[in-house]
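Residue numbers (UniProt numbering): 1 to 365. See below for the structure under consideration.
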Amino acid sequence: MSKIPAKPDNLINLYLNPYIFLLIIEGKVIVWDYKNHVQLEIEELYLKRLIQISHGLKVATLSEIDKELLKEKLIQTEAYPAFNWKWDELSKIYHIGTQDIDGGKSLSEEAWVEWYLELCETIKDDFKNSFIEYVGEEVSLPAPNLSALQAISLWDVEEQRMTSRSFNGKSITKEQLSTLMYTSFGVIHGNWEELQAKGFKQSGYRKSSPSGGALHPIEAYLIVMNVEEIPAGIYHYNVIKHCLTLINHSISYDDIRNMLCGQFFAEGCSVGIFLVAHFEKVWTKYCHSRSYKDVYLDAGHLSQTLLLNTTALGLRTWISAWFRDTEVSRFLKISGGDVAPVFYISIGHGDKVAISPKLEKILNK
Numbered sequence: 001m002s003k004i005p006a007k008p009d010n011l012i013n014l015y016l017n018p019y020i021f022l023l024i025i026e027g028k029v030i031v032w033d034y035k036n037h038v039q040l041e042i043e044e045l046y047l048k049r050l051i052q053i054s055h056g057l058k059v060a061t062l063s064e065i066d067k068e069l070l071k072e073k074l075i076q077t078e079a080y081p082a083f084n085w086k087w088d089e090l091s092k093i094y095h096i097g098t099q100d101i102d103g104g105k106s107l108s109e110e111a112w113v114e115w116y117l118e119l120c121e122t123i124k125d126d127f128k129n130s131f132i133e134y135v136g137e138e139v140s141l142p143a144p145n146l147s148a149l150q151a152i153s154l155w156d157v158e159e160q161r162m163t164s165r166s167f168n169g170k171s172i173t174k175e176q177l178s179t180l181m182y183t184s185f186g187v188i189h190g191n192w193e194e195l196q197a198k199g200f201k202q203s204g205y206r207k208s209s210p211s212g213g214a215l216h217p218i219e220a221y222l223i224v225m226n227v228e229e230i231p232a233g234i235y236h237y238n239v240i241k242h243c244l245t246l247i248n249h250s251i252s253y254d255d256i257r258n259m260l261c262g263q264f265f266a267e268g269c270s271v272g273i274f275l276v277a278h279f280e281k282v283w284t285k286y287c288h289s290r291s292y293k294d295v296y297l298d299a300g301h302l303s304q305t306l307l308l309n310t311t312a313l314g315l316r317t318w319i320s321a322w323f324r325d326t327e328v329s330r331f332l333k334i335s336g337g338d339v340a341p342v343f344y345i346s347i348g349h350g351d352k353v354a355i356s357p358k359l360e361k362i363l364n365k
């Protein structure tokens with residue numbers, strides 16, 4: 001007896017867009033397609049259909065709802081290409097959601113300049129890029145001493161730079177700290193004379209490190225532990241006055257270790273520096289979340305400049321991006337939202353070793 005041939009599968013496969021999430025705002029459900037940069041308010045029937053499709057669904061014919069979901073690219077009839085990603089959904093959303101902004105838009109050079117001028121015109125009234133200053137007890141800093149930096153080659157500094165996890169508690173001088181602050185965070189070029197000479201409004205300023213749009217949203221908050229002539233405490237570096245402004249008296253190495261998620265490698269450092277982002281300085285001009293990346297790149301530029309300058313002065317450094325954000329914000333007296341810590345650097349005297357004696361002792365038990 002011969003077998004009856006199987007009927008061809010004429011069913012239509014429906015696949016859910018893997019690049020969407022839901023947002024509930026003021027009683028409305030918003031489906032956010034972060035790959036295609038589209039946000040849509042979605043009704044309950046359409047939402048239920050998306051849930052059904054998320055389980056895997058085959059249909060004989062497309063319903064009207066299916067057709068609308070296809071039109072809005074929330075589903076499709078072919079499987080989506082595999083995407084290799086080992087972190088969580090949150091990181092994937094940001095990674096993909098900030099790509100291809102205005103992608104594929106091609107303008108002539110003249111049209112691009114006209115488009116950019118129109119953009120500047122629309123934001124000029126709201127845009128402010130003022131220097132960050134705090135009211136409080138100030139500690140003046142001496143003039144920076146550039147002789148050590150001028151006496152060593154860039155290559156020698158690059159060759160000597162390394163992450164050290166062994167500080168000995170010895171103090172650095174007030175002049176050394178002043179030199180590091182000015183050369184790493186100061187407005188070393190003064191007014192932007194080129195812009196002024198050509199009739200442009202100066203909306204940014206130049207430092208020894210680059211910054212997106214010359215906005216420089218990263219500020220230095222110092223945890224002074226062992227610096228000659230400066231009481232221990234937490235300070236903000238005022239780039240205009242070249243001074244420190246006291247923010248918090250209370251701080252200890254145990255506090256630092258707790259802020260750094262138990263990492264004890266800052267113990268004995270002379271000063272710790274949290275690089276803190278003031279996001280408002282950026283989002284007023286660059287309103288898309290892609291610019292969030294730029295802020296972290298700015299922190300990286302400043303960190304590298306600080307590390308090289310510190311190495312040129314014969315001091316040790318250790319860096320970390322792992323810390324308890326809320327705890328750090330509490331000590332620095334910042335919001336943790338629009339003003340938030342992004343990086344940490346320890347500076348001081350010590351051994352040029354990647355494995356600290358304390359760590360080595362623990363490992364050898």
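Note that the Cβ used here is the ideal one computed from N, Cα and C, for glycine as well. In this text the structure is predicted, and so the values were computed from the model without any measurement.
The criterion of a C-beta distance shorter than 8 angstroms is not satisfied by valine 342 and valine 271. Note on geometry: alpha-carbon atoms of methionine 225 and serine 106 lie some 54 angstroms from one another.
The secondary-structure analysis by DSSP pairs leucine 244 across a beta bridge with Val139, Tyr237.
Buried is the label assigned to glycine 350, since at least 16 other Cβ atoms lie within 10 Å of its Cβ. In terms of Cβ geometry, valine 295 and isoleucine 334 do not form a close pair [threshold 8 angstroms]. Excluding sequence positions up to five before and after leucine 180, its CB lies within less than 8 angstroms of the CB of Leu306, Asn309, Thr310, Leu313, Ile347, all in the same chain and listed in chain order. The beta carbons of aspartate 338 and isoleucine 218 sit about 14 angstroms from each other, so the pair does not count as a contact at 8 angstroms. Separation of tyrosine 235 and serine 171 (C-alpha to C-alpha, rounded to the nearest whole angstrom) is 17 angstroms. By the beta-carbon neighbour count (other beta carbons within 10 angstroms, threshold 16), glutamine 160 is exposed. The DSSP assignment places 64-71 as complete runs of the alpha helix (DSSP H) inside the stretch 55-93, in order along the chain (cut-off: 4 residues). When DSSP states are grouped into helix, strand and coil, glycine 97 belongs to the helix group. Sequence-distant partners of glycine 186 (beyond 5 residues in either direction) whose C-beta falls short of 6 angstroms from its own C-beta, in its chain, are Val239. When C-beta atoms of the stretch 323-331 are compared with those of the stretch 251-265, three or more pairs fall below 8 angstroms, so the two segments count as touching.
Nearest C-alpha to lysine 358 among Cys269, Ala340, Phe265: Phe265. Apart from sequence neighbours up to five positions away, the residues of its chain that approach tryptophan 318 with a beta-carbon distance below 7 angstroms are Thr163, Ser164, Arg165, Phe265, Ala266, Ser346, ordered along the chain. Of all C-beta pairs linking the stretch 284-292 to the stretch 137-151, fewer than three are shorter than 8 angstroms, placing the two stretches out of contact. Counting along the chain, valine 38 sits inside the beta strand (DSSP E) bounded by residues 38-41. Per DSSP, reduced to three states, the secondary structure at glutamate 158 is helical. Taking 8 angstroms as the cut-off, the beta carbon of leucine 315 is found no closer than this to the beta carbon of tyrosine 221. Along the length of the stretch 296-339, whole alpha helix (DSSP H) runs at least 4 residues long occupy 325-332, reported in chain order. Beyond the five residues adjoining it in sequence on each side, glycine 300 comes within less than 8 angstroms, by CB distance, of Phe343 in the same chain, given in chain order. Excluding the 5 residues flanking it on each side, glutamine 39 has same chain C-beta neighbours closer than 7 angstroms at Ile30, Trp32, in chain order.
By the neighbour-count criterion, in which 16 or more other beta carbons inside 10 Å mark a residue as buried, valine 113 falls on the exposed side.
Separation of histidine 249 and glycine 233 (C-alpha to C-alpha, rounded to the nearest whole angstrom) is 4 angstroms.
Histidine 55 counts as exposed, since fewer than 16 other C-beta atoms from the protein chains shown sit within 10 angstroms of its C-beta. When only Cα atoms are considered, leucine 74 and isoleucine 20 end up about 8 angstroms apart. DSSP, reduced to helix, strand and coil, places valine 31 within a strand of the structure shown.
Of the candidates Tyr46, Ile223, Ser108, the residue whose Cα lies closest to the Cα of threonine 245 is Ile223. Taking a C-beta distance under 8 angstroms as the contact criterion, alanine 197 and arginine 206 do not qualify as a contact pair.
Here isoleucine 172 carries a strand assignment [DSSP, helix/strand/coil].
Taking a contact as a CB-CB distance under 8 angstroms, the pair threonine 183 and serine 147 does not count as one, their CB atoms being some 12 angstroms apart.
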